[in-house]
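Here the protein sequences come in this chain order: A and B.
Taking this note's numbering, the leading residue of the first sequence gets 119, the next gets one more, and so forth.
Taking this note's numbering, the leading residue of the second sequence gets 295, the next gets one more, and so forth.
Encoded as structure tokens, the structure appears first; notes follow it.
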Amino acid sequence: MQQYNRVSNNHQEDLDRTKIINFIWNGKLYQGYAGDTLASALLAYGVNLFGRSFKYGRYRGVVTAGVDEPNALVELESDGFYVPNIKATEVQLYEGLVAKAASGRPNLNLDSRYLLKLLHKFMNSGFYYKTFKWPRSFWPKYEKLLRKFAGFANSPVQKDSEVYDHLNLYQDVVIVGGGVTGIKAALSFIDANYRVVLIDDQQDLGGAWWLASDDKIKDLSVKNWIKKSKDILRNCSNITVLTRTTAFALHDNNLIKAWQSLQDHLPLKERNNSKPRQRLYTIYAKQVILATGMQERMLAFHNNDLPNIMTSSAIARYYLQFSVQLARKLVLVTNNDSIYEVLDIYNQEIDNSNLKLTIVDVRNQLSEELKKKVELNNVELYLGYAPVEAIGKKQVKSLVIQQVCQVQGELNTWQFYGDKKTLACDAIGVSGGWNPVIHLGCHTGSKPRWSKSNKTFILENNKENLVCAGGLDFCVSIDDCLNSAQLAVDTVVSRLGYTKSTINLDIANYQKQKSINIAPFYRSPSEHDKQFIDFQNDVTAKDIALAITENFTSIEHVKRYTALGFGTDQGKLGNILGIAVCSELLNKPIPDIGVTTFRPAYTPVSFGCLAGEKVRDNFDLERYTPMHKWHLEHNAEFEDVGQWKRAWYYSLDSENIEQAVNRECLAARQSVAMVDASTLGKIDIQGPDAREFLNRLLPNSWSKIKSNTCRYYILMNDDGMVFDDGVIACVDQNHFHMMTTTGNAAASFNKLEKLLQVDWPELQVYLTSITDHLGVTAVVGQNSRKVLQKVCSDIDFSNENFPFMCVRHGTILDIPVTVMRISFSGELAYEVNVQSNYSLAVWDAIYQAGQEFDITPYGTETLHVLRAEKGYPIIGQDTDGSVTGKDLGMSWMFSKKKAYSYLGKRAHELDYLKKEERKQYVGLVPVDKTTVLPEGAQVLFTVGDRKSKGHVTSSYYSSVLGYPIALALVENGFSKSKNKNSNKVYIKSHNCNNVAAEITSTVFYDKEGVMQHV
Amino acid sequence: MLQIYCPHCCETRHEQDFAYIDEAFITRPKDMATVSDQKLADYLYFRQNHKGDVYEQWQHVSGCRKILVVFRNNITNQIHKTYTLDQASLLNNSTVDSEETYAAI
């Protein structure tokens, strides 16, 4: 094979011919040069088949030379380096690259969808929805089959071998787009007191220089000016140039998201796996200059998707940048002036009579200047002609044209007349107009405006922190771009208001010198059915017509019905054409049709890049208690409680969870057990008004609580709903130690602070979170006293000298400890608080001392069973935001003496909170005493009741009782639990059918409550 | 991502260092014991929920933990100004309700 499309007389090429690169495409070996893209290297060989189309399996080649490419989707490499659905036009060639087409099953030359050609005329929009719905039960089978036809490359299945990272930047000015405009803007900031970033998605700055290759800037050719400017910018300390970087989102307050490709262009062997493949930038910019340029669009005519039909600028780019000459007989089809600008680049070829050039222009007239250019270049010109159809199969062979004129009084509608002509060709360059890349400017929600003169949507910029310049502002000549860049810089500088340094501010409002004189021609008026609008989704003009016939007239509906503008190219090439077709068919002007919403990302971003380093072990923070290591060593299973890793249960001799929990529960009830309670929230409350604060905050009274005693509390919101519960120990007259639940620790702390700062600023109270400062070992069971007495001789643990709900201070292993006699299990129990660094030692000392009593560590599951046996609620499990203190059976706690209307008191006087039939917190025991009721199951009063009367909130098997127990919220539950005649209910869920249960008190075990007082 | 100037720390920090609490200027009624059901409901549930310029109460949770008032536009996300609670208490209600006067603040 030879690179017979590669020419050697192009002096502007961006190739390094000394570096030959070997790569594999669809299993065959090819060669390219450093600087090539995958697309250009293959085109050099005349390989122009890159894929098969989405729906019809048609042969497809490249259409563009950039990120707007809809067809040439490829997959790279394999295993951990696999990249799916990347565009061949943006893959930079590297040694050993392995690529293949992302479509074509079983292969590119034989595609099963193409074999269904006879059916294609029935496969219009909504085909699958309309066809595969009968019989209904068959849909899963259809789906399985159709999935094989759908989509392009397969999703990666193996772990990514590469790493990614994130970086934040804070900038005065961010310039997006490194073409002539962006470069010129950046140059203006040299040595100024601004931090500036210039972002460009290509491997090198320069933008679409090939469109102006024979222009001059300050006596330099554009190419040389760019080269010189790059050198200047590189040595400038206040300007950062980020190439291979795509700014894909622009959010409010100029937050820019951009991703940079750092290693994608390197051979796999040279990639450093400890360094990131890609980097995600989060850039905060005071001012943004958007210089994102333009993209050329196609025209719709029959078979316009044949390989070797491209945008005219793509043909120019492949020629000038990559020295790839795609045709010997080239037809250029246009509705505007831009195609004539690049005529000169073909000049030398025409002189060599190696290229026959024909131009088909739908317009009737040309300016004198252009006419002269045409004559000079010896081009065959057809004015007032439009394409009817392209002919060919795997490549375009000829183009049929006919004379056209615009239908009077109709919008954008044209008609053919006269004789047809057939032009033989081997490539067609199409220019259907130019679309400014307005995506970023529209991400924050502004809708673009239709430009009548340029026949495209342009940015309606009314932001004070954004400026548009260059091609984005429809500047189509180098001079206009340079002027617009200078104006943008001046605007930005005056807004920033810093010292001007070297920046000159002398440019006045400029008038653009040049326009493209575009005619409103979007599609050929022929009756053929394969006028492609969206190449990637196989959407034709006929599909859009059908959608409109079926009354999907809003552009957003047309998009979703036909898939116009979906996919990896997001309609960059086809959207305006689609909108124009709608406009023609609905006879409504284009601005009334409008555009679909532009959303980030501008081009696809890899998930790895978005995730950065927040994967696997770094996915989320994990919080460990001081005893975590011990739990690991003792075979604990862990449960996530917020970010905490809590021991869930300890499996001995490969017990399952039920066996382990039953054993742990019995140990606590019969001898002694211990649990790590370090995760409970702890708030240190101090200040002269601490008591008053607690009185206002909580329903019970805190005026008379003595030092070294504790009290249980519930914390309600002002709407009366229970927010949290716990125990507060009185340390001193003005000093309290508040314990919250694990999950609500932060929320409770925030709530307390908000009350002190906003509602009660007159109170002098200081709050400190000490959750992480203390490790807590709870020792539970009848033998807990004996165990602790062994290790802590300076506290008298006798019932007389250390009663229930009291606090004592002593030492274990000479380490100061604070012991609280509180119980969340109903057993005799102590909680030992130790400074975190010593907690593990104290835990271990207690464990060792408990060996003679067979002390058993237990986890959160047993903790929950033990508390349920005693009816202690877990806020957030047994309650939701609709359970009041009274519903929870806590009215006994409400102080009647307190003058202050504490949180939630007033709400309890509201009628709807006083109702008897509210759902109340009760116990449930299944009548058969064997069925463990499912948590979340509904409670019914009669079998078949259609209305739920409550639900099960907690449910466990109680090993000490020998039968299952449950807690529930049930309507009128308090009175029902006391009445033997009305306490029968039925429990129903998807896996539990009307199981009979009895409503009971919430206390199942030790109803008299003697065990914790022994 | 908002960038919020904390008037207590006198530093600009990321939104993620702060937590939104509520609309600003909502305080617990001083006469809670005797307040009418309607006023209680107003305090608990009813919010202006304006579109446009709003005063909001935020807390600098990962910083000084103080509460501040943020005056911002919830359409453009532009923050006009931030206040300590003391500074905010000087804004009288008429100022807060009228759009014309915001420029004067």
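Beta carbons are placed, not taken as given, at the ideal position from N, Cα and C, and that holds for glycine.
For L881 (chain A), collect the residues of the same chain with a Cβ closer than 7 Å to its Cβ; drop the 5 residues on either side in sequence, then sort them by chain order.
Position 763 of the first sequence holds residue 881 (chain A). The answer, listed in chain order, is D807, E810, F811, L874.
Just to make sure I have the definition right: I need the residues of chain A whose C-beta is within less than 9 Å of the C-beta of Q353 (chain B). Which are they?
Position 59 of the second sequence, counted from the first residue, corresponds to residue 353 (chain B). Here the neighbours are N868, E871, K872, Q875.
Would you tell me roughly how many angstroms separate the C-alpha atoms of A791 (chain A) and Y990 (chain A), rounded to the nearest one?
By one-based count along the first sequence, residue 791 (chain A) stands at place 673. By one-based count along the first sequence, residue 990 (chain A) stands at place 872. Going from the Cα of A791 (chain A) to the Cα of Y990 (chain A) covers about 19 Å.
Under 8 Å: do the region 921-928 of chain A and the region 811-822 of chain A share three or more Cβ pairs, one atom per stretch?
With the cut-off at 8 Å, the region 921-928 of chain A and the region 811-822 of chain A do not touch.
Applying a beta-carbon distance threshold of less than 7 Å, which residues of chain A neighbour V329 (chain B)?
Translated into positions along the second sequence, residue 329 (chain B) becomes position 35. Result: R1024.
Can you give the Cα-Cα distance for L1042 (chain A) and Y399 (chain A), rounded to whole angstroms?
Locating residue 1042 (chain A) in the first sequence gives position 924, where the first residue counts as 1. Locating residue 399 (chain A) in the first sequence gives position 281, where the first residue counts as 1. Taking the straight line from one Cα to the other gives about 56 Å.
Assuming A786 (chain A) and V898 (chain A) make a contact with CB atoms under 8 Å, what is their CB distance in whole Å?
Position 668 of the first sequence holds residue 786 (chain A). Position 780 of the first sequence holds residue 898 (chain A). Between V898 (chain A) and A786 (chain A) the Cβ distance is about 5 Å, and since that is below 8 Å, they are a contact.
Going along chain B, which residues have a C-beta under 9 Å from N371 (chain A)?
Locating residue 371 (chain A) in the first sequence gives position 253, where the first residue counts as 1. Within chain B, the residues near N371 (chain A) are M295, L296, Q297, T370, N371, Q372, I373.
Tell me the DSSP secondary structure of G169 (chain A) in three-state form.
Indexing the first sequence from 1 puts residue 169 (chain A) at position 51. Strand, per DSSP.
Give the interface partners of S1019 (chain A) over in chain B, defined as CB-CB distance under 8 Å, in chain order.
For the purposes of this step, residue 1019 (chain A) is taken as the residue at position 901 of the first sequence. Under the 8 Å cutoff, chain B gives M326, A327.
Going by DSSP, name the residue or residues bridged to G685 (chain A).
Here residue 685 (chain A) refers to the residue found at position 567 when the first sequence is read from its first residue. For G685 (chain A), which the question treats as bridged, DSSP gives no partner whatsoever.
Once DSSP output is grouped into helix, strand and coil, what is the label at P817 (chain A)?
Numbered from its first residue, the first sequence carries residue 817 (chain A) at position 699. Correct three-state label for P817 (chain A): coil.
Measure the alpha-carbon distance for I625 (chain A) versus R352 (chain A) and round it to whole angstroms.
Taking the first residue of the first sequence as position 1, residue 625 (chain A) is located at position 507. Taking the first residue of the first sequence as position 1, residue 352 (chain A) is located at position 234. Only weak support exists for where I625 (chain A) lies, its pLDDT of 49 falling under 50; the coordinates are left without a value.
Measuring straight from C-alpha to C-alpha, what distance separates K1037 (chain A) and G1091 (chain A)?
Indexing the first sequence from 1 puts residue 1037 (chain A) at position 919. Indexing the first sequence from 1 puts residue 1091 (chain A) at position 973. One C-alpha to the other measures close to 7 Å.
Output the distance between the C-alpha atoms of T306 (chain B) and L1021 (chain A), rounded to the nearest integer angstrom.
One-based indexing of the second sequence puts residue 306 (chain B) at position 12. One-based indexing of the first sequence puts residue 1021 (chain A) at position 903. Using only the alpha carbons, I get a separation of about 34 Å.
Taking just the CA atoms, how far does S355 (chain A) sit from A157 (chain A)?
On the first sequence, position 39 is the one that residue 157 (chain A) refers to. On the first sequence, position 237 is the one that residue 355 (chain A) refers to. Looking at the two C-alpha atoms, the distance is approximately 36 Å.
Do you know how far the Cα of L475 (chain A) is from the Cα of Y500 (chain A)?
Here the question's residue 500 (chain A) lines up with position 382 in the first sequence. Here the question's residue 475 (chain A) lines up with position 357 in the first sequence. Rounded to whole angstroms, Y500 (chain A) to L475 (chain A) spans 11 Å at the Cα level.
What is the DSSP secondary structure of L623 (chain A), counted as helix, strand or coil?
Within the first sequence, the letter at position 505 stands for residue 623 (chain A). Interpretation of L623 (chain A) is limited by its pLDDT of 46, a score under 50 that renders its predicted location unreliable; no figure is taken from the coordinates.
Mind checking H746 (chain A): buried by the 16 CB within 10 Å criterion, or exposed?
Translated into positions along the first sequence, residue 746 (chain A) becomes position 628. Per the 10 Å Cβ criterion, buried.
Please give the ranges of any beta strand (DSSP E) in the region 1101-1131 of chain A, keeping only runs that are unbroken, at least 3 residues long and fully inside the region.
Fully enclosed beta strand (DSSP E) runs of 3 or longer: 1102-1107, 1110-1118.
Have a look at A:I519, A:A304, A:L438 and flag the residue whose alpha-carbon is nearest the alpha-carbon of I477 (chain A).
What you label residue 477 (chain A) is simply residue 359 of the first sequence in a count that begins at 1. Closest by alpha carbon: A:I519.
So, helix, strand or coil for C828 (chain A), using DSSP?
The residue given as residue 828 (chain A) occupies position 710 in the first sequence. Reduced to three states, the DSSP call for C828 (chain A) is strand.
Compile a chain-ordered list of the residues in the region 393-418 of chain A whose CB is closer than 8 Å to at least one CB of chain B.
Under the 8 Å Cβ criterion, the region 393-418 of chain A contributes T400, Y402.
What first and last residue would you give for the alpha helix (DSSP H) that runs through L351 (chain A)?
Within the first sequence, residue 351 (chain A) is the residue found at index 233, counting from 1. Residues 340-352.
L614 (chain A) and Q413 (chain A): beta carbons closer than 9 Å?
Numbered from its first residue, the first sequence carries residue 614 (chain A) at position 496. Numbered from its first residue, the first sequence carries residue 413 (chain A) at position 295. Going by C-beta atoms, L614 (chain A) is not nearer than 9 Å to Q413 (chain A).
So which residues on chain A does R322 (chain B) lean against when the C-beta distance must stay under 9 Å?
In the second sequence, the residue the question calls residue 322 (chain B) occupies position 28. Chain A residues near R322 (chain B): D836, L873, V876, D877, W878, L1021.
What are the boundary residues of the alpha helix (DSSP H) that S471 (chain A) is part of?
Locating residue 471 (chain A) in the first sequence gives position 353, counting from the first residue. Here S471 (chain A) belongs to no alpha helix (DSSP H), and DSSP marks it neither H nor E.
Going by the CB atoms, is the gap between I636 (chain A) and L703 (chain A) shorter than 9 Å?
For the purposes of this step, residue 703 (chain A) is identified with residue 585 of the first sequence, where counting begins at 1. For the purposes of this step, residue 636 (chain A) is identified with residue 518 of the first sequence, where counting begins at 1. Their beta carbons are not under 9 Å apart, which means L703 (chain A) does not touch I636 (chain A) by this criterion.
Leaving out five residues before and five after S1095 (chain A) in sequence, what residues of the same chain have Cβ atoms less than 8 Å from its Cβ?
Along the first sequence, one-based indexing puts residue 1095 (chain A) at 977. Counting only Cβ-Cβ distances below 8 Å, and skipping sequence neighbours, we find V1040, G1041, N1101, I1117, T1118, S1119.
Given a cut-off of 9 Å, decide if T714 (chain A) and S431 (chain A) are closer than it, judged by their beta-carbon atoms.
Position 313 of the first sequence, counted from the start, is the residue given in the question as residue 431 (chain A). Position 596 of the first sequence, counted from the start, is the residue given in the question as residue 714 (chain A). Not a contact, by the Cβ cut-off of 9 Å.
For the putative contact between K447 (chain A) and D544 (chain A), defined by C-beta atoms under 8 Å, what is the C-beta separation to the nearest angstrom?
The sequence position of residue 447 (chain A) within the first sequence is 329, counting from 1. The sequence position of residue 544 (chain A) within the first sequence is 426, counting from 1. Indeed they touch by this definition, with Cβ atoms about 5 Å apart.
If we cut at 9 Å on Cβ distances, does D336 (chain B) have a partner in chain A?
Along the second sequence, read from residue 1 onward, the residue named residue 336 (chain B) stands at position 42. False, the Cβ-Cβ gap to chain A never drops below 9 Å.
In the region 217-230 of chain A, which residues sit with their C-beta less than 9 Å from some C-beta in chain B, listed in chain order?
Answer set for the region 217-230 of chain A: empty.
Where does A268 (chain A) land, buried or exposed, given buried means 16+ other C-beta within 10 angstroms?
As a working mapping, residue 268 (chain A) is identified with position 150 in the first sequence. Answer is exposed; the Cβ neighbour count stays below 16.
List the residues of chain A whose Cβ lies closer than 8 Å to the Cβ of K360 (chain B), in chain order.
Residue numbering aside, residue 360 (chain B) sits at position 66 when the second sequence is read from its first letter. Ordered by position in chain A, the residues that pass the 8 Å Cβ test against K360 (chain B) are Q875.
Between the region 323-332 of chain A and the region 342-350 of chain A, are three or more C-beta pairs nearer than 8 Å?
Contact between the region 323-332 of chain A and the region 342-350 of chain A is present, because at least three Cβ pairs lie under 8 Å.
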